[in-house]
Every structure is written in C-alpha cells, then in structure tokens.
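Per this note's numbering, numbering of the sequence shown is gapless, rising by one per residue and ending at 414. All C-beta atoms in this analysis are idealised placements derived from N, C-alpha and C, irrespective of residue type, glycine included.
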Amino acid sequence: MSLHRALLGAGLLVVVAGCSTTPPRTALPSSPTTSVVAPPPAPSPSPSPTEDPMAEMTVEEKVGQLFMPVLYGSSARSAHQENLARYGVGSPVEVIQKYHLGGVILFPGTGNIQSARQVATFTAGLRSAAKKVPLLIGVDQENGIVSRLKGIVTEIPGASVIGQTGDLRNARDAARVTAEELNALGISLDFAPVADVNVNPNNPVIGPRAYGNDPEEVADMVGAAVQGFHDGGVAATVKHFPGHGDTNVDSHTSLPVIDHTREEWEKLDAPPFKEAIANDVDAVMSAHIVMPALDPSGDPATLSKKILTGVLRGELGFEGVVFTDALNMDGVRKKYGDGEVAVRAILAGADILLMPPDFDVARDAVLAAVASGRITATRLNQSVERILHLKREFRLDSPRTFPTPAEAVKLMKTTEHRAVARRITGAAK
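Structural data, given as structure tokens:
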C-alpha cells in the first residue's frame, strides 16, 4: 500500500513519488471542495505474508481477471440479445459469473448508460455478481470530445482547453470533479488522462484530447490530473504508451508508424508518462502504434515485449496495471488473429485485455497458452497479482459503501463542480 493512498484515505492530499525515484516537478496545494463524495477510507491492513489471495483461484478464475469486455443492457440482471449472441448467456450478471470477469467497461450504445440513477443501480448489480474476486468497473471519461457519460456528469472542458489555461490547478480540479462523480456512480477506474503530446497538427485521433504540444507542459498537466483522480478516489489510466501524438493515421482503422528516434521519443513522448509514474499513476494503456526505434519488429506497442516490459516496466519503473487499448481496433488486428493477439499482448506485458472483438476466441487462446506453458504460471500470476493489488488500493476487496442511486443523482453536477467547469472555460486563452 503506497503512502500516497494511505494519506488519501486519511483525507490528506499530498503528492509522493510512486515507482519512479524522480519526484514530481509540480506539487500542487489541495483545492477547496464542498463535495460530499470522499475518497475511499483508509485501507485495512495488508494480508500477512502467509496469506495468498490467489491460493484458491482456479486457472479459469485467474484468466478471467485478465479480461475487461463490454456487456449489454441497462440492468445487471435482465437478459439482452447481444449478450446471448456474444457470451451464450443473457444478463450481465450471468456473463460475469460464467467467465469470472475481472472487470467491465461501460460504453454508450450498449444500453449501459442512460441516467445517473440507472448507472448507479447497474454498477451495484454488476458488483454483486462478483462473489469471489471484486469487479473493476471502468469508463472512458476523458471529458471534451470523449465523454461517455455526457449529459449525466458535469460537463468539464477537454484537455486542450485545460492546457490553454496554463494552470495546473485546473487539471487537478477537473480530474477531481470527474472522479468524485464517477465514484458516486460506482465506477472505480477512468481511462484518463491522455498523456500523448499532440506534436502533429494532422493527428486524426488525438488532437484536442491532448493537453497541448509542449512535452514538459503536458507532463505537468498529466501529473496534476493523476493527483486529481486520486483526490476523488478513482484509479487513473494514462494513455497511449509509448505516445500516440505524432500520427496522421487513426489506429481505430489502421496501424500507425511513428518514426521518432530514441532521442526524439525521450524528448517528445516520454515526459508525460514519466511524470504520471512519478505521481503514482495506477494504470497505463498501450497504443496500437509501431515505433521502430523502440522495437524494430513491426509489432504494435500493445504486442511488444520490448516496449511494455523492457521500456515501460524495466526503464521507467512502472509496477502498476497495463491495459491494452481496445482489441477491436483494426490497428492491433493487422498481423494476427484475435486469439493470437490476446496471447501476444499478455506475453508482451499487458495485464488486462480490453474489449476483445470475439471474447470466446480470445479467452480460449489464453487458456490454451496457459495449458501449454506458452504463458507460464509465473507470468499469469504476475498479472493477477497486479490486478488484485489495484483492487485492494481502492478498497474493492473489502466492504465499501457506495452512494445509493438516489444519492448518486444528487451528487451529479453540484454547484461546486459546475463552478469548476465555468472557471476552466473562462480561464482558457
């Protein structure tokens, strides 16, 4: 348990280094808040060395922890035809229990997101389905143009607008406001902030999702945002490693190649990720991009051991959870089948496979790779241990009280939260 988390639980908002030995460049004072959504309470003592939380988990249960798919429907216990087609069972609860899922991502267009009351009721039902290992519930709420909860949560300006203000307190407060509202809705992880540096004005996929085009300024904003997410009690995920800012190709539809030299990567792409790690970021999302200077194989970073294990873990010292970007994107599906992609991502160093396009194909491939020894028990356990640690960090492994659906409604778009949004908009250059 990090000192940062323990102090958060006590209500003290401080910044301490995480895996990196480099202290954050900018330590911000905590911002005054009138919100009643508090970070998770101080965690209970860590298990004794003789206790092994994985001792009674089967291989199928461990492999289930590696997956975070999309489920369909607005009610946790109601059948949906799309679940039947994709998973062979009707309700989200049945899918979670059938596959021992480690997590779920909420997504528009699936019925998951309709209103604050419905989302809070839905997430409570999802959590109740995970009897043995708690469920991680995530969402893509970057704000700005990527706002999956648009209309439900406070409308916070996107990263580019925050970057224009030049005020790190705005980055921290924006993330805190978002985290407090996600927390109220029963969501424990956000796939934000974006740590890409938008150095290519023709970038079709990042653009205003980035804080700007100056690596050091973006790094400071990212570090402040990570602090803000922690202030609000939600896990932060920086993306897209090793940096998606200098592409003119959208990885949703093709596989971008970034021809930065190693020195250019160190100068242009790496600073925000280093700063996030220095601020104890919880998770990192990989990019479906090829960067030959870091790995000349031609494989995207999501499938590259040299990048995810060698650079991210070995050189930058990141010890948290690595997510793949969505595996239904064409950028990662160019060279291998959907089953092989899942296996290679785990072998590369990813811990959680996000949104596989054919769940059974991906899961069966991972199970077969474990059975054959291609994915060793040691490698599987490494990922499961990291995932369980993240869940412990946010008290998902012990009784934790989330707001009721009625309370969640009242905690959306509070006066203080709307004031933060107005302040940021007014301060933009």
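Asked: Sub-7 Å separation of Ala209 and Leu153 beta-carbons; Found: yes
Asked: Met206, DSSP secondary structure in three states; Found: helix
Asked: Integer-rounded CB distance, given that Gln212 should sit under 8 Å from Asn128; Found: The Cβ separation is near 16 Å, so there is no contact.
Asked: C-alpha gap between Gly75 and Ala221, whole angstroms; Found: 31 Å
Asked: Bounding residues of the beta strand (DSSP E) (the contiguous stretch that carries Ser63); Found: Counting along the chain, Ser63 falls outside any beta strand (DSSP E), and DSSP gives it neither H nor E.
Asked: Residue range of the unbroken beta strand (DSSP E) whose run includes His85; Found: Where His85 is concerned, there is no enclosing beta strand (DSSP E), given that its DSSP letter is neither H nor E.
Asked: Identity of the residue in Val55, Ile360, Tyr84 nearest Asp125 by Cα; Found: Val55
Asked: Alpha-carbon spacing of Pro227 relative to Arg71, whole angstroms; Found: 32 Å
Asked: Distance, Glu41 Cα to Phe176 Cα; Found: 30 Å
Asked: Given 8 Å, three or more beta-carbon pairs between the region 105 to 114 and the region 163 to 177; Found: yes
Asked: First through last residue of the beta strand (DSSP E) which encompasses Gln126; Found: 126 to 128
Asked: Ala115 versus Met53 - alpha carbon distance; Found: 13 Å
Asked: Residue environment, Lys428, which counts as buried when at least 16 other CB atoms sit within 10 Å; Found: No information on residue 428 is available, as it lies outside the stretch -14 to 414 that the chain covers here.
Asked: Given 8 Å, three or more beta-carbon pairs between the region 329 to 343 and the region 294 to 305; Found: yes
Asked: Under 7 Å between C-beta atoms of Gly230 and Val182; Found: yes
Asked: Range of the contiguous beta strand (DSSP E) that encloses Phe226; Found: 220 to 226
Asked: Ala164 - containing alpha helix (DSSP H), residue span; Found: 153 to 169
Asked: Gly143 to Val203 span [Cα, whole Å]; Found: 13 Å
Asked: Run of the beta strand (DSSP E) containing Ala278, from where it starts to where it stops; Found: First-last for Ala278: undefined, no H or E at that position.
Asked: Cβ distance (whole Å) where Asp284 is taken to contact Gly324 below 8 Å; Found: With 8 Å as the limit, Asp284 and Gly324 do not qualify as a contact, their Cβ atoms being about 16 Å apart.
Asked: Pro257 vs Val207 beta-carbon contact at 7 Å; Found: yes
Asked: Ala422: first and last residue of the uninterrupted alpha helix (DSSP H) it sits in; Found: Missing from the structure shown is residue 422; the chain here goes from -14 to 414 and no further.
Asked: Assigned secondary structure, Gly217 (DSSP; H/G/I helix, E/B strand, else coil); Found: coil
Asked: Ala268, enclosing beta strand (DSSP E) - first and last residue; Found: 268 to 271
Asked: Leu174 (DSSP reduced to helix, strand or coil); Found: strand
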